[in-house]
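Peer 1: Numbering (the working numbering), first residue to last: 365 to 538.
What follows is the structure, given as structure tokens:
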């Protein structure tokens, strides 16, 4: 009986270690974004902001601190892999009063987070994508938005995603 109990214990511990290893792998999916960055309008040398992305809480979360160049705009996000939902979540707030709660996953080397918000008769969908730029030490972030009219006038529906932000995070010059 002791041998069976010992075998069960070994199997349980082995399964637990495998789950921990899988969780460690998933929680590091967004680590490519960690660093101190100068943020440029994509494809240009126009500096639009500075961003510091840090691992927090023993690697269980990521905090972003963003500051625009040429304005007082600032924003902060908390990012975490939610084991219960199997998704990444971001809670973003800024000094203009904007709040975004986004959810999503890493797909084909892109972190894709989004949400859908009802505002009156409009449904607003946000989609933000981060991707390490191949062959570079930079990260591209794009934010697109779709507004759909859920009221009576279906002719006003938009099927085009509007580009709100297209930035390239390059390692900050020291």
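Glycine included, every Cβ here is placed at the ideal spot set by N, Cα and C.
With a threshold of 16 other CB atoms inside 10 Å of the CB of residue 532, please say whether the residue is buried or exposed.
Peer 2: Counting from 1 along the chain shown, the entry for residue 532 is found at position 168. Classification for residue 532: buried.
Peer 1: Tell whether a beta-carbon distance below 8 Å holds between residue 509 and residue 494.
Peer 2: One-based indexing of the chain shown puts residue 509 at position 145. One-based indexing of the chain shown puts residue 494 at position 130. It is not a contact, given that the beta carbons lie outside the stated cut-off.
Peer 1: Since residue 498 sits in a beta bridge, which residues does DSSP pair it with?
Peer 2: Against the chain shown, residue 498 aligns to sequence position 134. Paired residues: none, contrary to the question.
Peer 1: Alpha carbon to alpha carbon, how far is residue 404 from residue 464?
Peer 2: Residue mapping note: residue 404 aligns to position 40 of the chain shown, counting from 1. Residue mapping note: residue 464 aligns to position 100 of the chain shown, counting from 1. Those two C-alpha atoms are separated by around 22 Å.
Peer 1: Identify which residue in 395, 389, 400 has its Cα closest to the Cα of residue 538.
Peer 2: Counted from its first residue, the chain shown places residue 538 at position 174. Ranking 395, 389, 400 by Cα distance to residue 538 puts 400 first.
Peer 1: Would you list the residues sitting across from residue 459 in a DSSP beta bridge?
Peer 2: Sequence index remark: in the chain shown, residue 459 carries index 95 (1-based). DSSP lists no beta-bridge partner residue for residue 459.
Peer 1: Quick one: what does DSSP say residue 367 is sitting in, helix, strand or coil?
Peer 2: Position 3 of the chain shown, counted from the first residue, corresponds to residue 367. Three-state DSSP puts residue 367 in a helix.
Peer 1: Starting from residue 395, follow the beta strand (DSSP E) in both directions and report where the run begins and ends.
Peer 2: Walking along the chain shown from the start, residue 395 turns up at place 31. For residue 395, there is no enclosing beta strand (DSSP E), as DSSP marks it with neither H nor E.
Peer 1: Would you be able to state if there are at least three C-beta pairs under 8 Å between the stretch 392-399 and the stretch 407-420?
Peer 2: yes
Peer 1: Can you check whether the CB of residue 423 is closer than 8 Å to the CB of residue 444?
Peer 2: Working through the chain shown from its first residue, we reach residue 444 at position 80. Working through the chain shown from its first residue, we reach residue 423 at position 59. No, the pair does not count as a contact, with Cβ atoms beyond the cut-off.
Peer 1: Where does residue 527 land, buried or exposed, given buried means 16+ other C-beta within 10 angstroms?
Peer 2: Looking up residue 527 in the chain shown gives position 163. Its Cβ having fewer than 16 others within 10 Å, residue 527 is exposed.
Peer 1: Under DSSP, the beta strand (DSSP E) around residue 477 begins and ends at which residues?
Peer 2: Walking along the chain shown from the start, residue 477 turns up at place 113. Start and end: 474-483.
Peer 1: Assuming residue 470 contacts residue 453 under a Cβ cut-off of 8 Å, what Cβ separation, rounded to an integer in Å, is found between them?
Peer 2: Here residue 470 is taken as the residue at index 106 of the chain shown, counted from 1. Here residue 453 is taken as the residue at index 89 of the chain shown, counted from 1. Their Cβ separation, rounded to whole angstroms, is 13 Å, which puts residue 470 and residue 453 out of contact at 8 Å.
Peer 1: Note the first and the last residue of the continuous beta strand (DSSP E) segment covering residue 426.
Peer 2: One-based indexing of the chain shown puts residue 426 at position 62. It spans 425-432 - the beta strand (DSSP E) in which residue 426 sits, taken as one unbroken run.
Peer 1: Can you say whether residue 477 is buried or exposed, counting buried as having 16 or more other CB atoms within 10 angstroms of its CB?
Peer 2: Translated into positions along the chain shown, residue 477 becomes position 113. By the 10 Å Cβ count, residue 477 comes out buried.
Peer 1: Measure from the alpha carbon of residue 429 to the alpha carbon of each residue in 447, 448, 455, then state which is nearest.
Peer 2: On the chain shown, residue 429 is found 65 positions in, with the first residue counted as 1. Selected option, being the one with the closest Cα: 455.
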